[in-house]
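Going down the list, the protein sequences come from chains A and B.
Okay, so the first sequence: first residue is 2 according to this note's numbering, each after it adds one.
Okay, so the second sequence: first residue is 101 according to this note's numbering, each after it adds one.
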Amino acid sequence: MASLTITDIRKKFGSQEVLKGISLSINASEFVVLVGPSGCGKSTLLNLIAGLETINSGEIKIGDDVVNDVQPKDRNIAMVFQSYALYPNMNVEKNLSFGLETRKVPRDEIKKTVDHVANMLQISELLKRKPAELSGGQRQRVAMGRALARDPAIFLFDEPLSNLDAKLRVDMRTEIKMLHQRIKTTIVYVTHDQIEAMTLADRIAIMKDGVIQQFDTPQQVYDNPSNLFVAGFIGSPSMNFIPCTVIKQNEDTGVIFKTGEETSFFIPIKRTDLSLTEWIDKDVIIGVRPEQIASGFHLQEGNKQIHEIMCTVQVLEPTGPDTLVFVNINDTKVTCRVNPLDAKQPGENMKLMVDISKVLVFDPDTKMRIGNVA
Amino acid sequence: MGKETSKANDKKLRNIKFRNRLGNLIPKIMIAPTFTVSLVCVYGFILWTIWISFTSSKILPKYDFVGFEQYNILFTQEPRWWVASLNLFIFSGLFIAICIALGLTLAIFIDQRLRGEGVFRTIYLYPMALSFIVTGTAWRWIMNPSLGLERLVQQLGFSDFTFRLLVESNVAIYAVVIAAVWQSTGFMFALFIAGLRGIDNSIIKAAQIDGASLKKIYLRIIIPSLRPVFLSAVIILLHLSIKCFDLVMALTSGGPGYSTDMPATFMYAFAFNRGRLAFGAASAVIMFITVMAIIIPYLYTELKGTRNAR
Ligand SMILES: Nc1ncnc2c1ncn2[C@@H]1O[C@H](COP(=O)(O)OP(=O)(O)O)[C@@H](O)[C@H]1O
Ligand SMILES: [Mg+2]
Chain A
2 MASLTITDIR
12 KKFGSQEVLK
22 GISLSINASE
32 FVVLVGPSGC
42 GKSTLLNLIA
52 GLETINSGEI
62 KIGDDVVNDV
72 QPKDRNIAMV
82 FQSYALYPNM
92 NVEKNLSFGL
102 ETRKVPRDEI
112 KKTVDHVANM
122 LQISELLKRK
132 PAELSGGQRQ
142 RVAMGRALAR
152 DPAIFLFDEP
162 LSNLDAKLRV
172 DMRTEIKMLH
182 QRIKTTIVYV
192 THDQIEAMTL
202 ADRIAIMKDG
212 VIQQFDTPQQ
222 VYDNPSNLFV
232 AGFIGSPSMN
242 FIPCTVIKQN
252 EDTGVIFKTG
262 EETSFFIPIK
272 RTDLSLTEWI
282 DKDVIIGVRP
292 EQIASGFHLQ
302 EGNKQIHEIM
312 CTVQVLEPTG
322 PDTLVFVNIN
332 DTKVTCRVNP
342 LDAKQPGENM
352 KLMVDISKVL
362 VFDPDTKMRI
372 GNVA
Chain B
101 MGKETSKAND
111 KKLRNIKFRN
121 RLGNLIPKIM
131 IAPTFTVSLV
141 CVYGFILWTI
151 WISFTSSKIL
161 PKYDFVGFEQ
171 YNILFTQEPR
181 WWVASLNLFI
191 FSGLFIAICI
201 ALGLTLAIFI
211 DQRLRGEGVF
221 RTIYLYPMAL
231 SFIVTGTAWR
241 WIMNPSLGLE
251 RLVQQLGFSD
261 FTFRLLVESN
271 VAIYAVVIAA
281 VWQSTGFMFA
291 LFIAGLRGID
301 NSIIKAAQID
311 GASLKKIYLR
321 IIIPSLRPVF
331 LSAVIILLHL
341 SIKCFDLVMA
351 LTSGGPGYST
361 DMPATFMYAF
371 AFNRGRLAFG
381 AASAVIMFIT
391 VMAIIIPYLY
401 TELKGTRNAR
């Protein structure tokens, strides 16, 4: 295991700047997930770390060594690709041992390593098969095995699960996490799936258009997103963004939630880390997660942070444990997560409770969060 | 009134039935002529040829039965057949090996994202657009001592230069190889470049990380995974060389003497020029058996392959 320090990396393909100054400092044995929409430059960054592409400027350090000009094979990294990239002409055993053979590892040691890795990933029975004779999940294991066999300082994963079906994906996710807890090798894991990012990561780096938007623990990223993009990207269903104007009413600053022609509710915004006095009479965007608008909360009696509103139900989406209710607030579609027993039918009015203890406020022009951003 | 409508309905129903039946019949009617023609002209005449080869037919077919006599003559008393067979062996061996080697090399170089790839591809593929007759004629002129290369170089001042591939009977077969290679290399190139492009780029990345040099990546991973392409290439070139008739006719007409005869030209010469129909048929049957011996295992492995693939 080794730390990985990336300083102000830039990468251009022709005139298109794909990475615009990326800096990340990753600790030894940390599991970092790089998440972002397709085409934002995640794979490019991973290829740069692996040395498969050359950087235009910046510095990459593995441990204490600058590796800008080091060949991929000498960087002591291993990579797992989305397409698995197994050598189609070799059987599983050869696939696992190829990297060791090119490094001139003694034969008996190769045998030992291959057996060990095959045991660990439960692919011992598949050793003599060709990749074409394996299922998707088995290929995925072999691809991981090939990386493991090398015992590198850093693992790079490029969307390793996105070609698997949903059930297998969840299973493999858990296995990867258990594997990391066991071997403790530094991992940089790329995905476009925010659930994968949340469940796997020690820290998440959210990327958009070649820029890191936020680099923090999953809980921090969820509770304290630094801008609208991160807030909307993390969490499913995504956070509701309600355009509002800040007003002052009886010593309280807050916003109006208008839920119908004649129904509107004043919601005071009080967070110790947030003062909206400078924003009075100005437009803001209020960010509320679906689970913060519910049919009721535990210990809600007398809680000053919980406010009641009446809304007209537009659509219902039962998910099983909860039902998603869609309503209109300030002419914006808002998702609420309510108890299935409390959900009203479309067209009916429904009493909803809004918990504003975790409410977020964003500047509509800069798209940044207002207040003390951690 | 009720009766009338039911009658009208009946008529309508019959009409629909008739149309349906016609609709079902039309495809069959359309296919029937070509089906019959190919049944008779291809498979029928194959059988007829086999039959004729067991007779003593000369210029005209004669339906007696002489057993394996023609085959016996072919293999024991006709040196020209052995020349033709040896020629086929030399020709197909060299033709296949050189075409594949050149085509693969070109494909590998151009796969390195060379500039002007489109131009190269057009240049290499262009000969394929010509028929073997045109290729043969063009190369006959190029290799003709008094018209082509030899004369050109001598006119340039190198008066000792000789290029007599086409007129020396012990090497003339190599002239046929050169012309055939020129014609077919482009096709091999196209086949291999398609194969190379089909290889997932991340396989190469994975091999780089695994520490393999570019040479090793090609030798150990890329070329071995082109195995199906090699198989197709060999089959295509092999059947081209067994069928090779027009190129030899245009380039050498089997000469000098019968030194560049191939089984196909041999068959033509005996069956049609010399009026030994049964003898020609016997040589044709041997060719047929050879082709089948190659094609059937190929089809077998191919079909097995697709059954296994997912
Ligand atoms: N080799 C390349 N040449 C030119 N453009 C590239 C190359 N690789 C990636 N790009 C471009 O860089 C951008 C980021 O690509 P990538 O890193 O693959 O995104 P992601 O992995 O986040 O989906 C894309 O717009 C893509 O078109
Ligand atoms: Mg990618």
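Ideal Cβ positions, reconstructed from N, Cα and C, are used throughout, including at glycine.
**Request:** Taking only heavy atoms of ligand 2 into account, decide whether any of them is closer than 8 Å to the Cβ of K43(A).
**Result:** yes
**Asked** Is S16(A) near ligand 1, in the sense that its beta carbon is under 8 Å from a heavy atom of that ligand?
**Response** no
**Message:** Taking the alpha helix (DSSP H) that L186(B) belongs to, which residues open and close that run?
**Reply:** P179 to D211
**Request:** Report yes or no: do the region 267 to 278 of chain A and the region 353 to 362 of chain A share at least 3 C-beta pairs separated by less than 8 Å?
**Result:** yes
**Request:** In angstroms with no decimal places, state the Cα-to-Cα distance between E250(B) and L230(B).
**Result:** 24 Å
**Message:** Under 8 Å: does the beta carbon of S125(A) sit that close to some heavy atom of ligand 2?
**Reply:** no
**Message:** Taking the straight line between their C-alpha atoms, what separation do you get for L337(B) and A371(B)?
**Reply:** 26 Å
**Asked** Looking at C-alpha atoms only, which residue of T324(A), L229(A), Q301(A) and P291(A) is the closest neighbour of V285(A)?
**Response** L229(A)
**Asked** Comparing the CB of V81(A) with every heavy atom of ligand 1, is any distance shorter than 8 Å?
**Response** no
**Request:** Can you check DSSP and say which residues form a bridge with V289(A)?
**Result:** N241(A)
**Message:** Let me confirm a value: G354(B) is counted as buried when at least 16 other C-beta atoms fall within 10 Å, else exposed. Which label applies?
**Reply:** buried
**Request:** Leaving aside the five residues before and after G413(B) along the sequence, list all residues of the same chain whose C-beta is less than 6 Å from its C-beta, in chain order.
**Result:** In this structure chain B extends from 101 to 410, so residue 413(B) is not present and cannot be described.
**Asked** Looking at the structure shown, is Q329(A) part of a helix, part of a strand, or coil, going by DSSP?
**Response** What sits at residue 329(A) in the sequence shown is Asn, not Gln. Correct three-state label for N329(A): strand.
**Item:** Sequence ranges, alpha helix (DSSP H) only - wholly within the region 257 to 345 of chain B, length at least 4
**Value:** 272 to 297, 301 to 309 and 327 to 343
**Asked** Applying a beta-carbon distance threshold of less than 7 Å, which residues of chain B neighbour F99(A)?
**Response** D310
**Prompt:** Mind pulling the chain B residues with CB within less than 7 Å of P73(A)?
**Reply:** Q308 and I309
**Message:** What would DSSP say about M101(B), mapped onto helix, strand or coil?
**Reply:** Confidence is the limiting factor: at M101(B) the pLDDT is only 49, short of 50, which leaves the residue's position unreliable, though a coordinate-based value still follows. Correct three-state label for M101(B): coil.
**Request:** Report whether the distance from the Cβ of S39(A) to the nearest heavy atom of ligand 1 is below 8 Å.
**Result:** yes
**Asked** Quick one: what's S265(A) bridged to in DSSP?
**Response** K259(A)
**Message:** Counting only beta-carbon separations shorter than 9 Å, does F82(A) have a partner in chain B?
**Reply:** yes
**Message:** So, for P356(B): in the same chain, excluding its five sequence neighbours on each side, which residues have a beta-carbon less than 8 Å away from its beta-carbon?
**Reply:** V267, E268, S269 and A272
**Prompt:** Are the beta-carbon atoms of A307(B) and F99(A) separated by less than 9 Å?
**Reply:** yes
**Item:** Residues bridged to Y85(A) (per DSSP)
**Value:** Bridge partners of Y85(A): none, in fact.
**Item:** Simplified DSSP assignment, three categories, for R410(B)
**Value:** Note that R410(B) scores a pLDDT of 39, beneath 50, so its modelled location is shaky; the value from the coordinates is reported in the next line. The answer is coil: DSSP assigns R410(B) none of H, G, I, E or B.
**Prompt:** At least one CB of chain A closer than 9 Å to the CB of S332(B): is that the case?
**Reply:** no
**Item:** Short-range partners of chain A found in the region 290 to 306 of chain B, where Cβ spacing is below 7 Å
**Value:** D300, S302, I303, K305 and A306
**Asked** Quick one: is the Cβ of E54(A) within less than 8 Å of any heavy atom of ligand 1?
**Response** yes
**Message:** If we define contact as Cβ-Cβ less than 9 Å, is L169(A) a contact residue for chain B?
**Reply:** no
**Option nearest T347(B) by Cα separation, candidates Y400(B), F195(B), L113(B) and E217(B)** = Going by the sequence as given, residue 347(B) is Leu instead of Thr. L347(B) has its Cα closest to that of F195(B), out of Y400(B), F195(B), L113(B) and E217(B).
**Request:** Give a yes or no on whether the minimum CB-CB distance between I200(B) and chain A is below 9 Å.
**Result:** no
**Prompt:** Where does Y163(B) fall in DSSP's three states?
**Reply:** coil
**Message:** With H, G and I counted as helix, E and B as strand and the rest as coil, what does DSSP make of V67(A)?
**Reply:** strand
**Prompt:** Whose CA, out of S58(A), T45(A) and L317(A), lies closest to the CA of D9(A)?
**Reply:** S58(A)
**Request:** Give the range of the beta strand (DSSP E) segment to which E94(A) is assigned.
**Result:** E94(A) -> not in any beta strand (DSSP E); alpha helix (DSSP H) instead, spanning V93 to T103.
**Close-in-space but distant-in-sequence residues of the same chain around V335(A) (CB under 6 Å, 5 per side omitted)** = N241 and V328
**Request:** Along the alpha helix (DSSP H) that carries P219(A), what are the first and last residues, could you check?
**Result:** P219 to D224
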